[in-house]
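Enquirer:
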Amino acid sequence: MTSKALADLRSRRWFDATDMRGFAHRQRIQQMGLRREDVLERPIVAIINTWSDLSPCHAHLRERAESIKRGVLMAGGMPFELPALSLGEVMVKPTTMLYRNFLAMEVEELLRSLPVDGVVLLAGCDKTTPGTLMGAISTDLPTLFCPAGGMLSDRYLKQGEPARVVGAGTHTRMFWDEYQAGAICDNEWVNLEAKMTRSPGTCNVMGTASTMVSMVEALGLALPGATAIPAMDSAHVRMATACGERIVQMIWEDLKPSRLLTRGSFLNAVAAQMALGGSTNAAVHVMALARRAGVELNLDDLDAMARRVPVLANLFPSGDRLMEDFHYAGGLPALLNRIRAHLSLDELTVTGQRLGETIAGRESLDDEVIRPLDRPVSEAGALAVLRGNLAPEGAVMKTSAASPRYFHHIGKALVFDNPAEMMARCADPELDCDENTVMVLRNAGPVGAPGMPEWGGLPIPKKLLERGVRDLVRLSDARMSGTHYGSCVLHISPESAVGGPLALVQTGDLIELNLPERRLQLRVDDAELARRRAAWKAPVSPYRRGYIRLYQEHVTQAHEGCDFDFLHDALPTPEPTIF
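Quick note on numbering: the working numbering labels position 436 of the sequence shown as 1166, and the sequence is numbered without any gaps.
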């Protein structure tokens, strides 16, 4: 497949010129102790590293960058590590989603402005995967994704009870509800805090991090089986070295995202999401990725795939196992092989092979972790797209992690305008609510929050927790952590802050959720809604400067991917030709 010669390399525009600028570029490389021939006779590989001391999921990525460099050098390339914005999901306020597009822009401009022939993306936490990839797609250089890997699993041991596997995210929410209800004491709560997250690596459930890296592998942009390897496994180090070796060959083959990303490959990624019981956040990120690639994809494609592909991965929050178990069972290649009838098998991957070739013979090694087609984890599917007068452009629900009793439900709305109000009122023992209440949070979307934070897993009011209630129908224009669970309708579009129908809901209104019919309806007549709309005023943003103002002015709605409107398409951006 070799199609490039040394003279064709993009980096030669910097280093092979005979003018003063070429002299200066070679001079400065030698200033760092490198040899002239290191950049004249080798392809240049960028390693985009999202490591940070405040990103615990990425705490090991400095070491993995060294492994990638080793692989690049072994294959005859020259590696350069480029730090990029690190979006550690837990530490960043108000939400990493606010900065996903910032990271995407940084990656795009790093790759465009520097002498780079190909890139390895070193990421894995929720927004770092789509953010780095969005930038790389727009630059369209040979790209290989090296996933951060999941953290080690924990065990919850309690006298007289069977041992339980414990991961990050899902179990945090479960234990918090138990603590709020008085079932866990203070000492036990402190002990859980110290031991549940036992190593670097991303959340080890099928949350957003695991969902997105798996979808990238299904897209053909990661090495087969790479995304399920635990972060602290020695196989993860070897995989990183293999990434370094392979990217050099991809440069010679000119194997760019534009050659790999098609409608078929995106539908493969969506099929993987559904078989995994993946995060609803993928519905936003995959739209953004597809638009960057110039590929047609919409929410109806996701809903259609969810109706066809059952949830087969028995992983929290839809199941009861963790990513480490998934790796031992054969990882994504085994899962994809099991749903191969739903895949476009001729799509090209970073290996240079077609997807069908990379998954051939990869059988499940544990049918309790990767279930057979006739014994799915969930009959309801991984995701549903709802529409109605409350969500004209759509909303999403993770059906595999919801309570079947709420699949068709009518209840009175309990409306909150912001999280502070919601948290205070949910702690009130006199709050007027019961198990039929439909909780509504608005002003939590891309523009309104801003950044569409993970506020969608609305807390169960304390008075109901004490009565044993663990789920309610909850609606918002926010997102929900992929590690969470419950009957939550999310991404309601258009959002309330731009005048979407959610802005018109009042406490006491009847709301109908009809999952089989994919309908979300506010039972208020059109005349009353028109009266409310006439009285509605858009909230005034306090952000008058900087990146957040740019974000609010240019971010698109959830069903469009929440990318910036000026970065949506695959139109080329001219590279600088004068240095």
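For every residue, glycine included, the Cβ atom is placed at its ideal position computed from N, Cα and C. These numbers come from a predicted model, not from an experiment.
1) When the Cα atoms are used, what is the spatial distance from glycine 1091 to glycine 1082?
2) Report the three-state DSSP secondary structure of histidine 1015 (helix, strand or coil).
3) For the putative contact between alanine 1036 and alanine 1114, defined by C-beta atoms under 8 Å, what is the C-beta separation to the nearest angstrom?
4) Am I right that alanine 834 and glycine 854 are in contact with their C-beta atoms under 8 Å? What's the rounded C-beta distance?
5) Does the count of Cβ pairs from the stretch 967-975 and the stretch 786-803 closer than 8 Å reach three?
6) Looking at the structure shown, is leucine 1243 part of a helix, part of a strand, or coil, going by DSSP?
7) In the structure shown, what three-state DSSP assignment does cysteine 1315 receive?
8) Considering aspartate 884, what are the terminal residues of the beta strand (DSSP E) in which it resides?
9) Mind checking which residues open and close the beta strand (DSSP E) that includes arginine 1117?
10) Ignoring anything shorter than 4 residues or poking outside the stretch 769-855, list the alpha helix (DSSP H) runs there in chain order.
11) Quick check: the stretch 1222-1231 against the stretch 1189-1197, are there 3 or more CB pairs under 8 Å?
12) Any chance you could list the beta strand (DSSP E) runs of at least 3 consecutive residues sitting entirely within the stretch 1218-1294, in chain order?
13) Just verifying my parser: in three-state terms, what is the DSSP assignment at phenylalanine 1146?
14) Starting from alanine 754, follow the alpha helix (DSSP H) in both directions and report where the run begins and ends.
15) Threshold first: 4 residues or longer. Then list the alpha helix (DSSP H) segments lying entirely within the stretch 917-970, N to C.
16) Looking at the secondary structure, which residues open and close the beta strand (DSSP E) in which proline 1122 lies?
17) Whose CA, out of Gly1086, Leu1065, Leu1052, Tyr1277, lies closest to the CA of valine 895?
18) What is the DSSP secondary structure of arginine 1038, reduced to helix, strand or coil?
19) To which residues of the same chain is threonine 825 closer than 8 Å at the C-beta, ignoring the five residues directly before and after it?
20) By Cβ distance below 6 Å, which residues in the same chain neighbour isoleucine 759 in space, the five residues on each side in sequence not counted?
21) To the nearest angstrom, how far is the alpha carbon of serine 988 from that of methionine 1152?
22) Would you check if the distance between the CB atom of alanine 1034 and the CB atom of leucine 1065 is smaller than 8 Å?
23) Quick one, which of Arg756, Pro809, Leu817 has its alpha-carbon nearest serine 785's?
24) Looking only at its own chain, which residues have a Cβ that is under 8 Å from the Cβ of asparagine 1310, when we skip the five neighbours before and after it?
25) Bridge partners for alanine 1132 per DSSP, in chain order?
26) Under a three-way DSSP split, which group does isoleucine 1190 fall into?
27) Can you list, in chain order, the residues of its chain with a C-beta nearer than 6 Å to that of phenylalanine 996? Leave out the 5 residues immediately preceding and following it.
28) Going by DSSP in three states, histidine 1139 sits in which element: helix, strand or coil?
29) Tell me whether the beta-carbon of histidine 1221 lies closer than 8 Å to the beta-carbon of alanine 1264.
30) Measuring alpha carbon to alpha carbon, tell me which residue in Gly1238, Pro1063, Leu1250, Asp1096 is nearest asparagine 1119.
31) For the pair the stretch 1163-1174 and the stretch 1067-1085, tell me if three or more CB-CB distances fall below 8 Å.
32) Relative to the alpha-carbon of arginine 1248, which residue among Arg1117, His1214, Ser1271, Met881 has its alpha-carbon at the smallest distance?
33) Below 8 Å on the Cβ atoms is my contact criterion, and I expect threonine 900 with phenylalanine 1046 to pass it. Report the Cβ-Cβ distance as a whole number of Å.
34) Buried or exposed: which applies to arginine 1274, given that a residue is buried once 16 or more other Cβ atoms fall within 10 Å of its Cβ?
35) Need the endpoints of the beta strand (DSSP E) that leucine 1065 sits in, please.
36) Would you decide whether serine 843 is buried or exposed? Buried here means 16 or more other CB atoms lie within 10 Å of its CB.
Expert: On the basis of the data shown:
1) Rounded to whole angstroms, glycine 1091 to glycine 1082 spans 18 Å at the Cα level.
2) Histidine 1015 falls in the helix class under three-state DSSP.
3) Confirmed, Cβ separation roughly 6 Å.
4) The pair is not a contact, with the Cβ atoms about 16 Å apart (cut-off 8 Å).
5) In the pairwise beta carbon analysis, the stretch 967-975 is classified as touching the stretch 786-803: at least three pairs are separated by under 8 Å.
6) In the displayed model, leucine 1243 falls within a strand according to three-state DSSP.
7) There is no way to answer for residue 1315, as the model of the chain reaches only from 731 to 1309.
8) Taken as a continuous stretch (DSSP letters only), the beta strand (DSSP E) holding aspartate 884 covers 884-886.
9) 1114-1118 is the extent of the beta strand (DSSP E) around arginine 1117.
10) As far as the stretch 769-855 is concerned, its whole alpha helix (DSSP H) runs of at least 4 residues are 791-804, 827-843.
11) No, they do not touch.
12) You should have 1218-1220, 1240-1244, 1249-1252.
13) Secondary structure at phenylalanine 1146: strand, using DSSP grouped into helix, strand and coil.
14) For alanine 754, the enclosing alpha helix (DSSP H) starts and ends at 750-761.
15) Taking 4 residues as the shortest admissible run, the stretch 917-970 contains the following complete alpha helix (DSSP H) segments, listed from N- to C-terminal end: 938-949.
16) Element bounds for proline 1122: 1121-1127.
17) Of the candidates Gly1086, Leu1065, Leu1052, Tyr1277, the residue whose Cα lies closest to the Cα of valine 895 is Leu1052.
18) Helix.
19) So the list reads Ala1179, Gly1181, Met1182, Pro1183, Glu1184, once near-sequence residues are dropped.
20) Once the five neighbours on either side are set aside, the close Cβ partners of isoleucine 759 are Val769.
21) Looking at the two C-alpha atoms, the distance is approximately 45 Å.
22) Taking 8 Å as the cut-off, the Cβ atoms of alanine 1034 and leucine 1065 do not count as close.
23) Residue Leu817 is the option with its Cα nearest to serine 785.
24) The question about residue 1310 has no answer, for the chain in this structure spans 731 to 1309.
25) When beta bridges are read from the DSSP output, alanine 1132 appears opposite no residue.
26) In the structure shown, isoleucine 1190 falls within a coil segment according to DSSP collapsed to helix, strand and coil.
27) Only Ala1020, Val1025, Leu1027 meet the Cβ criterion.
28) DSSP, read as helix, strand or coil, puts histidine 1139 in strand.
29) Going by C-beta atoms, histidine 1221 is not nearer than 8 Å to alanine 1264.
30) With respect to the C-alpha of asparagine 1119, the residue from Gly1238, Pro1063, Leu1250, Asp1096 having the closest C-alpha is Leu1250.
31) Flag = no, the stretch 1163-1174 and the stretch 1067-1085 do not touch.
32) Residue Arg1117 holds the alpha-carbon nearest to the alpha-carbon of arginine 1248 among Arg1117, His1214, Ser1271, Met881.
33) Right, their Cβ atoms sit about 4 Å apart.
34) Exposed: under 16 other Cβ atoms inside 10 Å.
35) Taken as a continuous stretch (DSSP letters only), leucine 1065 belongs to no beta strand (DSSP E), being part of the alpha helix (DSSP H) at 1061-1068.
36) By the 10 Å Cβ count, serine 843 comes out exposed.
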